[in-house]
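Asker: 292 is the number of the first residue of the sequence shown in my numbering; add one for each residue after it.
Glycine residues also receive a C-beta, built at the ideal position from the N, C-alpha and C atoms.
Small disclaimer: the values here were computed from a predicted structure and weren't measured.
Please see the structure below; I have some questions.
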Amino acid sequence: MNFEASELTTQVAHSARDFAQQYIKPYVMQWDESQEFPIKIFREMGKLGFMGVLVPEAYGGAGLSYFEYVAIIQEIAKVCGSVGLSLAAHNSLGTGHILLFGNEEQKQKYLPKLATCEWLAAWGLTEPNTGSDAGNMKCTATRDGEDWVINGTKNWITHGISGDVAVVMTRTGEPRAKNNSTAFIVERGTPGFKGGKKENKLGMRASETSEMVFDNCRIPDANRLGNVGDGFKQAMKVLDGGRISIAALSLGIAKGAYEASVQYSKERYQFDKPISSFQGIAFKLADMATEIMAAELLTNQAADLKDRGLPVTKESAMAKYYASEVAVKASNEAVQIFGGYGYTKDFPVEKFYRDSKLCTIGEGTSEIQKLVISREVLK
Ligand SMILES: Cc1cc2nc3c(=O)[nH]c(=O)nc-3n(C[C@H](O)[C@H](O)[C@H](O)COP(=O)(O)OP(=O)(O)OC[C@H]3O[C@@H](n4cnc5c(N)ncnc54)[C@H](O)[C@@H]3O)c2cc1C
Numbered sequence: 292m293n294f295e296a297s298e299l300t301t302q303v304a305h306s307a308r309d310f311a312q313q314y315i316k317p318y319v320m321q322w323d324e325s326q327e328f329p330i331k332i333f334r335e336m337g338k339l340g341f342m343g344v345l346v347p348e349a350y351g352g353a354g355l356s357y358f359e360y361v362a363i364i365q366e367i368a369k370v371c372g373s374v375g376l377s378l379a380a381h382n383s384l385g386t387g388h389i390l391l392f393g394n395e396e397q398k399q400k401y402l403p404k405l406a407t408c409e410w411l412a413a414w415g416l417t418e419p420n421t422g423s424d425a426g427n428m429k430c431t432a433t434r435d436g437e438d439w440v441i442n443g444t445k446n447w448i449t450h451g452i453s454g455d456v457a458v459v460m461t462r463t464g465e466p467r468a469k470n471n472s473t474a475f476i477v478e479r480g481t482p483g484f485k486g487g488k489k490e491n492k493l494g495m496r497a498s499e500t501s502e503m504v505f506d507n508c509r510i511p512d513a514n515r516l517g518n519v520g521d522g523f524k525q526a527m528k529v530l531d532g533g534r535i536s537i538a539a540l541s542l543g544i545a546k547g548a549y550e551a552s553v554q555y556s557k558e559r560y561q562f563d564k565p566i567s568s569f570q571g572i573a574f575k576l577a578d579m580a581t582e583i584m585a586a587e588l589l590t591n592q593a594a595d596l597k598d599r600g601l602p603v604t605k606e607s608a609m610a611k612y613y614a615s616e617v618a619v620k621a622s623n624e625a626v627q628i629f630g631g632y633g634y635t636k637d638f639p640v641e642k643f644y645r646d647s648k649l650c651t652i653g654e655g656t657s658e659i660q661k662l663v664i665s666r667e668v669l670k
């Protein structure tokens with residue numbers, strides 16, 4: 292496998308880097324402190340094709356491959372994990388679900404507006420009592436003539452308040468029964484649907500995370516995605532792609548922390564020498580560089596398989612699991628390398644440290660990735 296970046300991937304990465312430096316970097320700490328979700332930035336990224344990276348041009352998207360998608364998320368996450376997370380959630384989850392499982396009418400209606408971020412997407416699987424055990428969901432959809440009526444609460448939803456369009460997994464069969472879930476598209480403003488409590492988070496503070504509440508929310512059958520009973524299976528396929536984006540997010544954070552550490556270790560003098568000259572620091576950088584490269588190879592492998600339409604469940608779980616753990620470890624070491632300065636908000640590494648932790652939790656925890664990988668290995 293040749294993972295050398297193509298000219299196109301390099302160009303796209305440059306354009307994402309320039310955008311991040313110019314329009315995101317100056318505001319990162321302001322958004323983080325205030326937990327402001329900078330919706331305008333996403334509308335701007337929509338104009339550049341970053342919000343519909345994988346959507347074919349026929350539906351108004353950029354029509355790019357997973358390699359460009361991974362490059363964009365990395366470059367944005369090197370500067371701000373929160374913007375990277377929201378970008379990944381919009382592209383892979385809400386938009387990705389409609390792209391994978393929408394019928395032609397649904398694709399024509401939603402994808403062009405999602406790809407340009409005229410509409411922002413949300414995706415609701417998790418509930419207050421069912422996270423890792425998402426198949427045991429309580430939120431129900433009941434058929435009533437030509438409509439469905441949704442009742443229940445989703446939580447931890449990225450863009451649960453600001454999302455214009457949400458894809459929602461509901462239970463349409465008996466609890467714990469096979470094929471008991473169905474996915475629907477719900478538009479903001481539909482009576483009975485509202486955003487709920489916004490979470491006050493450790494990291495990823497500029498990415499909006501909130502409840503979505505459904506109280507006798509009536510939607511037409513035309514908003515059903517695929518067959519009745521296929522919702523959970525669809526969600527697992529969506530997560531196969533989504534986990535590649537969380538691997539990319541992790542890589543961006545790890546690289547941001549690493550690059551800041553290399554630079555700082557050359558500039559910071561103690562005992563009349565740059566701290567990089569101490570083996571204790573240099574070996575940390577060696578470990579970071581090695582682990583980041585291994586994570587990148589796993590991520591590229593998953594991206595390649597996904598682009599070729601090959602099975603990717605195991606490989607995307609491996610990439611997500613490994614890259615996210617590397618992001619946490621690298622940003623932890625970065626704080627150590629910066630010493631006391633690393634513990635302050637004047638330097639970027641404390642934010643990498645806080646943001647990185649989400650990567651081992653969102654779209655399935657590290658334990659759940661190991662469950663997925665071991666199931667595939669033991670097949
Ligand atoms: C910032 C943020 C954004 C998010 N965005 C979205 C979103 O847009 N849409 C969405 O649907 N969800 C979203 N989530 C939810 C996320 O996917 C869940 O938090 C995650 O799947 C874990 O579920 P939980 O929090 O309920 O933890 P639990 O499932 O309660 O897990 C608690 C602990 O138990 C462990 N555990 C559970 N089951 C097992 C097992 N079988 N074996 C071993 N260990 C186990 C877990 O690994 C974890 O360590 C988001 C979460 C966060 C924090």
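Going by DSSP, what residues sit across from K469 in a beta bridge?
Answerer: Per DSSP, none; premise fails for K469.
Asker: At which residues does the alpha helix (DSSP H) containing C508 begin and terminate?
Answerer: Careful: C508 lies outside any alpha helix (DSSP H), inside the beta strand (DSSP E) at 500 to 511.
Asker: What are the boundary residues of the alpha helix (DSSP H) that I535 is part of?
Answerer: Start and end: 522 to 558.
Asker: Can you tell which of A362, Q399, L411 has its C-alpha closest to the C-alpha of A380?
Answerer: Nearest C-alpha to A380: L411.
Asker: By DSSP, does T656 sit in helix, in strand, or in coil?
Answerer: Here T656 sits in coil by DSSP.
Asker: Measuring alpha carbon to alpha carbon, tell me which residue in K338, S356, V374, P639 is nearest A311.
Answerer: Of the listed residues, the one whose Cα sits closest to A311 is V374.
Asker: Inspect the beta-carbon positions of F475 and R515 and report whether they are closer than 7 Å.
Answerer: Yes, Cβ-Cβ distance for F475 and R515 is below 7 Å.
Asker: Classify T407 as helix, strand or coil using the three-state DSSP reduction.
Answerer: Coil, per DSSP.
Asker: Over the uninterrupted beta strand (DSSP E) stretch that includes F328, give me the two end residues.
Answerer: From DSSP, F328 is part of no beta strand (DSSP E); its letter is neither H nor E.
Asker: Count Cβ pairs between the stretch 603 to 621 and the stretch 648 to 665 that sit closer than 8 Å; are there 3 or more?
Answerer: The stretch 603 to 621 vs the stretch 648 to 665: in contact.
Asker: Where do the ends of the beta strand (DSSP E) carrying R645 lie?
Answerer: Element bounds for R645: not the beta strand (DSSP E) but the alpha helix (DSSP H), 640 to 650.
Asker: How is P565 classed by DSSP in three states: helix, strand or coil?
Answerer: Strand.
Asker: When DSSP labels each residue in this structure, what does R515 get in the three-state scheme?
Answerer: Note: R515 maps to strand in three-state DSSP.
Asker: For H305, which of Q365, M342, P317 has the nearest alpha-carbon?
Answerer: Comparing Cα positions, the closest option is Q365.
Asker: Assuming T444 contacts P482 (C-beta within less than 8 Å), just tell me the rounded distance between them.
Answerer: Contact flag wrong, Cβ pair sits at about 17 Å.
Asker: I need the DSSP call for E418, collapsed to helix, strand or coil.
Answerer: In this structure, E418 counts as strand in the three-state DSSP scheme.
Asker: Please state whether the Cβ-Cβ distance between L345 and Y360 is less than 7 Å.
Answerer: The answer is yes: Cβ separation under 7 Å.
Asker: Measuring from the CB of M495, is there a heavy atom of ligand 1 at a distance below 6 Å?
Answerer: It does: the Cβ of M495 is within 6 Å (strictly closer) of some heavy atom of ligand 1.
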